[in-house]
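Encoded as structure tokens, the structure appears first; notes follow it.
There are 2 protein chains.
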Amino acid sequence: MPGRVKRPTIKDVAREAGVSMMTVSRVLTKKGRASQDTIDKVLRTIEELGYVPDLNAGALSSRNSGFIAVLVPSVDNSNFAQSVRGITDVLNDNGLQILLGSTDFSVEREETVLETILKRRPDGVILTGGNHTARSRRMLENAGIAVVETWDLPADPIDHVVGFSNVAVSHAMVDHLHERGYRRIGFIGSSSDSDTRGADRERGYSEALKKHGLEHHRVIRLGAPPVPVEQGGEAIVEMLRRWPETDAAMFVSDRTAFGALMECHRCSWPVPDRVAIAGFGNFDMARNCHPRITTTAIDCYEMGRFAAERIVDARARAAAGERVKPEITMIPYRILGRQTT
Amino acid sequence: MPGRVKRPTIKDVAREAGVSMMTVSRVLTKKGRASQDTIDKVLRTIEELGYVPDLNAGALSSRNSGFIAVLVPSVDNSNFAQSVRGITDVLNDNGLQILLGSTDFSVEREETVLETILKRRPDGVILTGGNHTARSRRMLENAGIAVVETWDLPADPIDHVVGFSNVAVSHAMVDHLHERGYRRIGFIGSSSDSDTRGADRERGYSEALKKHGLEHHRVIRLGAPPVPVEQGGEAIVEMLRRWPETDAAMFVSDRTAFGALMECHRCSWPVPDRVAIAGFGNFDMARNCHPRITTTAIDCYEMGRFAAERIVDARARAAAGERVKPEITMIPYRILGRQTT
DNA sequence: GCATGCCGGGTTAACGTTAACCTTCGGAAT
DNA sequence: ATTCCGAAGGTTAACGTTAACCCGGCATGC
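In order, the protein sequence lines correspond to chains A and B. In this text, residue positions in the first sequence follow the numbering used here: the first is 215, and each later residue adds one. In this text, residue positions in the second sequence follow the numbering used here: the first is 215, and each later residue adds one.
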């Protein structure tokens, strides 16, 4: 780490190239009028001097930070990570920089992270879920920037939405199980107060059972997410102990479904003959294990792309002085009926 | 998205609270002299006005962006995600903001991402791996900021290092297999030119076999990372076809090891009796599957924490005018001998 | 009584860039 | 010949914050 050196600024480039600062700025932002000769000269000087533009200073002047804040419950979750990848890919193509924060599945934590991140003056915010504290909502409204809520369909959206119904997803899974002949279906979820998406999936399960005229009290709730994989194993044991007649277990996530399947192997319970297993998320482990786990697939990467595109679009329209009206984009889901059901 | 509103600045707060801008700034940065009365008054005014400080403007003035750039090959990999989590936790506690970029396992991509991210004037950079383009190195040296290379032990470090030897890790795994009686050991890696960590692990394998006086040409190289899980399954089939005598297969990653184990289930090859399987990374799927996969565990979260602490420390010392000398921190690894070996 | 020191707070001038406006000049249109 | 226009580029004044200095007043020590 060399000592603090004086780094060249746009002023140095201008002097060296024999032009004004604005000309250099125009070459750099491609926003302007400059002859090919001038462009070449400026670019050559930049290379010579090793000039690195300061985007933060530019942001201050242009009132566009070029940052998009993205809040996910956890980076260490393949589903959210894929969404982040989709977002990043789109933002990169538009010269924007992602500002990532994780909320640890907590709306209070989300509020704290949001407060911090808004100090960077992002041009847009992408949130996970539709549940936020009142203060979070207020901060977002005051910020006057585009907001996208993902992974959910909030009843009262802040601005744009790119998501799907977690209730409907569970509904579809129950339909699938019912179609394959299962009637004594259990649900293994997570603590509902912190995981609203999990709570929605549990609600979908209850509603769907009712629709099919089935009983619906075989529910085990594990702790707050991220629920360790091994707890899926413990949960299936517990479920079959409490309700031995259970013929199918729906899990709030592939992770716990996988834990359960592996525990069934250990206990020599044939799957799906003793009990069927279904998960959510189409994780690697569910897709590749043996037998392969029936699950719900969401295209998380595409959801990320759509969310980012919504932001890019809103940003462009706002720059053009247009008024942007909130849009709702539905992301399709597919039940992948595999070997465990 | 409401129309562009004029947001309050520190000037508005100062006027409203009847103090100077500097006093507000001092209250906010906690860097100064202010009576409790003044502090209360300023904080109350801030709350009333809904003032949100602009950290980018502050950065411009104080010449400390508060950003730390973090480059990982992929966010969608539990190991790197855990490191990112460790980094974030430490940075949060120190009022710093992570600026995340992914390099897709490519040094060329790393160069591009680095160039972009340096325009945000980060106070430090955390890299993954010790292999970089010449231009990347030059940019980092010119930036005059603290750099930490992780996940590796570069022969010629740029600055600080927080890592481990991928060669030694493989060496230890061969020792483990040898100790358990395996003598016909194969290695399933990835394309070595883009994945230098994978290449190092292959080198460790070769060296260790030589040390034990074993032959070492049972190597299959899959494509560039991230290698899909299913290719692990294809690879084990291929390995047992080409070298039927193989009694143990070492994988460059738990992901492919898992794919192989599941394929063995499908083919009814008993593991470890027909063939032993070992992975790397202590992923969820390897820890919880049946049988549980022998692997190498690195505390990725801690590695992230250490890297971030190194940056925070270097930043503090540089601020104090101290000269910081590069340090190398070794992260321990453990072979977890489980049921597949 | 006076020097000393420090606490609380103000003033000024950057930090590096770009928006907005202005100037010049050559050529096309009238 | 005159007008007009657009291309190329310059000038000025922010953007919102903080570093560095400065100042007054009160307590302390002798």
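Don't be surprised by glycine CBs; every beta carbon is placed ideally from N, CA and C.
The DSSP-derived three-state label of Leu428 (chain B) is coil. Among the residues of chain A, those whose CB is under 8 Å from the CB of Leu314 (chain B) are Ile312, Leu314, following chain order. Between Leu332 (chain A) and Met353 (chain A), the C-beta gap is smaller than 9 Å, which places the two residues in contact. Per DSSP, the beta bridge partners of Arg548 (chain A) are A:Ala511.
Counting along the chain, the unbroken beta strand (DSSP E) around Leu313 (chain A) starts and ends at 311 to 316. Under the DSSP assignment, His346 (chain A) falls outside any alpha helix (DSSP H); it carries neither an H nor an E label.
Classified as buried, Arg501 (chain B) has 16 or more neighbouring CB atoms from the shown chains inside 10 Å of its CB. According to DSSP, residue pairing for Met464 (chain B) in a beta bridge involves B:Phe401, B:Ala492. Taking CB atoms only, Thr508 (chain B) has no neighbour in chain A less than 9 Å away.
Nearest to Gly232 (chain A) by C-alpha distance, out of A:Thr252, A:Val327, A:Pro458, is A:Thr252. Taking the Cα of Ser406 (chain B) as reference, the smallest distance to any Cα among B:Ile512, B:Gly309, B:Phe319 is reached at B:Phe319. In this structure Ile450 (chain A) is buried. Its beta-carbon is surrounded by 16 or more other beta-carbon atoms within 10 angstroms.
The beta-carbon separation of Met517 (chain A) and Ser292 (chain A), rounded to 13 Å, does not stay under the 8 Å limit for a contact. Secondary structure at Gly437 (chain B): coil, using DSSP grouped into helix, strand and coil. Taking the beta carbon of Thr302 (chain B) as reference, the chain A residues within 9 Å of it are Val289, Leu314, Gly315, Ser316, listed in sequence order. Interface flag for Phe472 (chain A) against chain B is set, since a Cβ pair is found closer than 9 Å. For Pro546 (chain A), the closest Cβ of chain B is not nearer than 9 Å. When DSSP reads this structure, Ile542 (chain A) sits in a beta bridge with A:Val375.
Of the residues B:Arg529, B:Asn496, B:Ile507, the one whose Cα lies closest to the Cα of Cys514 (chain B) is B:Asn496. A check of alpha carbon separations from Asp487 (chain B) across B:Asp461, B:Ser467, B:Ile512, B:Phe494 identifies B:Asp461 as the nearest.
Contact check for Asp498 (chain A) and Arg480 (chain B): beta-carbon distance about 16 Å, past the 8 Å limit, so the pair fails to qualify. Bridge partners of Phe281 (chain A) according to DSSP: A:Gln311.
Partner residues in the beta bridge of Ala360 (chain A), as assigned by DSSP, are A:Gly338. When only Cα atoms are considered, Arg221 (chain B) and Glu324 (chain B) end up about 37 Å apart. With its beta carbon less than 9 Å from one in chain B, Met499 (chain A) belongs to the interface. Contact with chain A is absent for Val238 (chain B), since none of that chain's Cβ atoms lies less than 9 Å from the residue's Cβ. The count of Cβ pairs closer than 8 Å, one atom from the region 463 to 478 of chain A and one from the region 395 to 403 of chain A, reaches three, so the stretches are in contact. Cβ neighbours of His426 (chain B) within its own chain (closer than 6 Å, five residues either side excluded): His392.
The C-alpha of Met476 (chain B) lies about 39 Å from the C-alpha of Ile542 (chain B).
In the displayed model, Val289 (chain A) falls within coil according to three-state DSSP, outside both helix and strand. Put simply, the region 338 to 355 of chain B touches the region 264 to 283 of chain B. At least three CB pairs are less than 8 Å apart. Around the CB of Gly535 (chain A), fewer than 16 other CB atoms lie within 10 Å, so the residue is classed as exposed. A distance below 9 Å separates the beta carbons of Glu444 (chain B) and Gly473 (chain B).
Residues of the same chain with a CB within less than 7 Å of the CB of Ala438 (chain B), apart from the 5 flanking positions on each side, are Phe319, Ser404, Ser405, Ser408, Asp409 in chain order.
By the C-beta criterion, the region 299 to 307 of chain A is judged not to be in contact with the region 235 to 250 of chain A, since fewer than 3 inter-stretch pairs fall below 8 Å.
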